[in-house]
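Single-structure report; data block below.
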Amino acid sequence: MPRFLFPAALSLFLAAAPALATDSDLRSVAGMAQHNRVVLVFSPTLRDPRLQTQRQIMARFAAGAAARDLILVQVSEGRVIGAHDNHPKLRRRFDTPAPRYRTLLLGKDGKVAIDAAGPIDEPHLKAAIDAMPMRREEVRRAKAGEGRAED
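Residue numbers (the numbering used here): 199 to 349.
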């Protein structure tokens, strides 16, 4: 392949990657089950003050979020940021039509642990996650020297 065609072909492949995500793909919200907990935010716009507040909460909670395998996925303005999912499919799966604002905390089991009409603050995220059976097992294993589970 000529050298100038390779970058073009690569960019086309990468642009198509979100469309190729499947439920078993770690990059999709469904594929994150068993690996990550997810704060899933549906927002009318990326500039929505509630979304900006949730981003700030997650930024302040970065170390705690990392220790809890927690990631942020944003669904807004016809796109998904943080996962390679189809925007309409996520809105259908979680019954959240545009332009509704909604914040969900999904456990590693993929189930909704918190369903809120606004941002979820750090104390509520910590309390909900730390009460989850998988998180309690992670902490138990860490205390036994079998893994990590920081605050």
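We put the beta carbon where it would ideally sit given N, CA and C, even for glycine. Note that this is a predicted model, so its numbers are computed, not measured.
Query	Result
Could I get the ranges of all uninterrupted beta strand (DSSP E) runs contained in the segment 235 to 288, with 3 residues as the minimum, in chain order?	235 to 241, 268 to 274, 277 to 279
Using DSSP bridges, identify the partner residues of THR294.	Looking at the DSSP assignment, THR294 forms no beta bridge with any residue, so it has no partner.
Whose C-beta lies closer than 7 angstroms to the C-beta of ALA263 among residues of the same chain, with five residues either side of it excluded?	MET256
Which residue's Cα is closest to the Cα of PRO242: THR251, ALA296, ARG266?	ALA296
According to DSSP, is ASP328 part of a helix, a strand, or is it coil?	helix
One question on the structure: do LEU268 and GLY280 come within less than 7 angstroms of each other, judged by their Cβ atoms?	no
Go ahead and pull the three-state DSSP assignment for ARG225.	coil
Kindly list the residues whose CB is nearer than 8 angstroms to the CB of ARG289, restricted to its own chain and excluding five residues on each side of it in sequence; keep chain order.	PHE240, VAL273, PRO295, ALA296
Tell me whether the beta-carbon of ASP313 lies closer than 7 angstroms to the beta-carbon of LEU302.	yes
Please classify ALA261: is it buried, with 16 or more other beta-carbons within 10 angstroms of its beta-carbon, or exposed?	exposed
According to DSSP, is ALA314 part of a helix, a strand, or is it coil?	strand
Can you tell me whether LYS306 is buried or exposed, with buried defined as 16 or more other CB within 10 angstroms of its CB?	buried
Could you check whether GLN232 and PRO317 sit closer than 7 angstroms to each other, using their CB atoms as the reference points?	no
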